[in-house]
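Numbering (the working numbering), first residue to last: 7 to 212.
C-beta: ideal position from N, C-alpha, C; glycine also.
Just so we're clear, the structure is a prediction, and the values are computed from it rather than from any experiment.
This report refers to the structure that appears directly beneath it.
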């Protein structure tokens, strides 16, 4: 009975992989990319705001501790975007029943993180550790996208982040020039500038 159950499970996995590999499966992935786009509409500006106003968000730390952690925190928060994407792509590989992609991703992740960590931590300390994590998650992202493309699965990641990324870049300029402003004023100004640019881009794209 267990053998039959295992065969049924393998058949279901294979069926799921075939479904994703054909046109309807690609449409399903495109729908998931659309869901990512909605998530990133909120994630990009929130991460940018946290990074720029980290000194206000980490107010509970002592001044000495804040001086040590502020830069690493401002760097590592950007890894959230790549981690979010990597989880989605690994899930896609799992649905496709492409275990070799997941296994290779683990190998690539370890092979890139160890030397990056060793080199950057020695030179830049905690900031280097944070930078190594961001670079490592970006490498994993590129590798999985490339591997999925090799098996015929296109991941139009730009559709999920193009507009939020552009609007966020405009927002960061506002946050930069309002660095000395109060937290509430900076939040309102940042949110307004992000929403304005995002709406303009969306309008021009239609």
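Check                                                                                                                                                                             : Outcome
Rounding to the nearest angstrom, what Cα-Cα distance links residue 59 and residue 140 in this structure?                                                                         : 19 Å
Tell me whether residue 200 sits in a helix, a strand or coil according to DSSP, three-state version.                                                                             : helix
Just to confirm, are residue 35 and residue 159 a CB contact at a threshold of 8 Å?                                                                                               : yes
DSSP three-state label for residue 93, please.                                                                                                                                    : helix
Report yes or no: do three or more beta-carbon pairs, one from the stretch 68-79 and one from the stretch 131-139, lie closer than 8 Å?                                           : yes
Which residues in the same chain have their Cβ closer than 8 Å to the Cβ of residue 127, if we skip the five residues on either side of it in sequence?                           : 134, 135, 138
Tell me whether the stretch 164-179 and the stretch 190-200 touch, counting them as touching only if at least three CB pairs, one residue from each stretch, are closer than 8 Å. : yes
Suppose you measure from the CA of residue 51 to the CA of residue 193; what does that come to, to the nearest Å?                                                                 : 10 Å
Name the two residues that bound the continuous alpha helix (DSSP H) containing residue 158.                                                                                      : Careful: residue 158 lies outside any alpha helix (DSSP H) and carries neither H nor E.
Please list, in chain order, all residues of the same chain as residue 62 whose beta carbon is under 8 Å from its beta carbon, the five residues on each side excluded.           : 189
Can you say whether residue 97 is buried or exposed, counting buried as having 16 or more other CB atoms within 10 angstroms of its CB?                                           : exposed
Taking the alpha helix (DSSP H) that residue 123 falls in, what are its first and last residues?                                                                                  : 105-130
Here's the rule I'm using: 16 or more other beta-carbon atoms within 10 Å means buried, otherwise exposed. How should residue 121 be labelled?                                    : exposed
What's the gap between the Cα of residue 111 and the Cα of residue 151?                                                                                                           : 11 Å
Is it true that the stretch 140-149 meets the stretch 82-90, where meeting means three or more beta-carbon pairs spaced less than 8 Å apart?                                      : yes
Taking residue 157 as the reference, which of 57, 102, 37, 180 has the closest Cα?                                                                                                : 102
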